[in-house]
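Just so you know, our numbering puts the end of the sequence shown at 83, numbered straight through with nothing missing.
Beta carbons are placed, not taken as given, at the ideal position from N, Cα and C, and that holds for glycine.
Here the structure is a predicted model, which means the values were calculated and not measured.
Written out below as structure tokens is the structure these notes cover.
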Amino acid sequence: MPGIVKVGMTTRMPNSRKDDLFTTGVPKPFELEALFLFENMAEAEKRAHQALGKYHYGKEFFKVDVATAVKAIEGGDIPFVRL
């Protein structure tokens, strides 16, 4: 979905989760643009959502470009590895 980014966490394989989302209400398939591994996934997700608050589009979706979303995720001050 051009211009819409989903920022969320999963304990499953990311591509499996992406495929599940397409079948449960996301109108178009989307690409996995970035993947991170955090010590505390729930806190990292919370901080990213807070940083992206002004772009909130509904649930875990944000009307923002990928680069801005990635900066918000990386700026949460929680140790991570970008895969």
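Where do the N-terminal and C-terminal ends of the beta strand (DSSP E) with residue i fall, by residue?
i     : result
ARG82 : 80-82
VAL5  : 4-6
LYS28 : LYS28 -> no beta strand (DSSP E), and no H or E assigned at all.
LYS63 : 61-63
Is it right to say residue i is buried, meaning 16 or more other beta carbons lie within 10 angstroms of its own, or is it exposed?
i     : result
ALA72 : buried
LEU52 : buried
Out of curiosity, what's the CA-to-CA distance linking residue i and residue j?
i     : j     : result
ALA44 : GLY76 : 6 Å
ALA48 : MET9  : 11 Å
LYS46 : GLU39 : 13 Å
PHE30 : PHE80 : 24 Å
Can residue i and residue j be called in contact, C-beta distance under 8 Å?
i     : j     : result
GLY14 : LEU37 : Per the sequence shown, residue 14 should be read as Pro rather than Gly. Not closer than 8 Å, so no.
VAL7  : VAL66 : no
LYS54 : GLY3  : no
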